[in-house]
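Numbering (the working numbering), first residue to last: 23 to 243.
This report refers to the structure that appears directly beneath it.
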């Protein structure tokens, strides 16, 4: 049974997050439970290297995993087949053209080896509010003027915190991701936790303390 330190429970809107260095090893990165998804709480979380991740019928659970997967523009790897697709000009990339559709697709898309989604109605409302505040951004991929893929995440300073992506056709989310890393002037993309999909594009793990050090510098740029 997991023993949760009492300081991890966010009992009121003003209860601060524990320092990320105190996060549990198992489950990896658990740092707080409870609180809400207010814009103020979410912005504070991302500034400290913390993000929400929970399932239906659970309280909000906050994580700061160790290690942390990131990607930088110089680390981006584009496979030959993906490069050929990018050069074909069959896709168009747009920024913030249809955020509502992007988050809706991310919520509903069926993912391999996953029975549900962590994006519930409360998350949709919270990130939509941040989008209207200019804190969340979407990258969309269109084919013949039809939305076929994209991603969204939180933008702060020179950091983009990736939240979710979707594809309706092969490689569409990769095209959005490549555009984000290569063309949008971010120095670090937070990928949160390791995935084979992102690793194939050049994402790599760094220790949590190194991530937070980089984050604090890039938030000021």
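The C-beta atom is built at its ideal place from N, Cα and C for all residues, glycine as well.
Asked: Going by DSSP, what residue range makes up the beta strand (DSSP E) through residue 58?; Found: Where residue 58 is concerned, there is no enclosing beta strand (DSSP E), given that its DSSP letter is neither H nor E.
Asked: Among all the DSSP beta bridges, which residues are the ones paired with residue 169?; Found: 164
Asked: Check whether the stretch 114-134 and the stretch 36-56 are in contact - that is, three or more C-beta pairs closer than 8 Å.; Found: no
Asked: Taking contact to mean 3 or more Cβ pairs, one atom from each stretch, closer than 8 Å, check whether the stretch 115-124 and the stretch 144-162 are in contact.; Found: yes
Asked: Thinking C-beta only, is residue 84 closer than 8 Å to residue 97?; Found: no
Asked: According to DSSP, simplified to helix, strand and coil, what is residue 189?; Found: strand
Asked: Got a sec? Which residues, its chain only, sit under 6 Å from residue 194 by beta carbon, not counting five neighbours each side?; Found: 163, 170 and 171
Asked: Could you round the C-beta distance between residue 233 and residue 90 to whole angstroms and report it? I think they count as a contact, below 8 Å.; Found: 4 Å
Asked: Nearest by alpha-carbon distance to residue 150: which of 57, 110 and 175 is it?; Found: 175
Asked: Measure the alpha-carbon distance for residue 191 versus residue 131 and round it to whole angstroms.; Found: 12 Å
Asked: In chain order, what residues of the same chain lie with their CB nearer than 8 Å to the CB of residue 87, ignoring the 5 residues before and after it?; Found: 45, 50, 51, 214, 215 and 230
Asked: Rounded to the nearest angstrom, what separates residue 111 and residue 199 at their Cα positions?; Found: 16 Å
Asked: With a threshold of 16 other CB atoms inside 10 Å of the CB of residue 109, please say whether the residue is buried or exposed.; Found: exposed
Asked: How long is the line joining the alpha carbons of residue 205 and residue 94, rounded to whole angstroms?; Found: 12 Å
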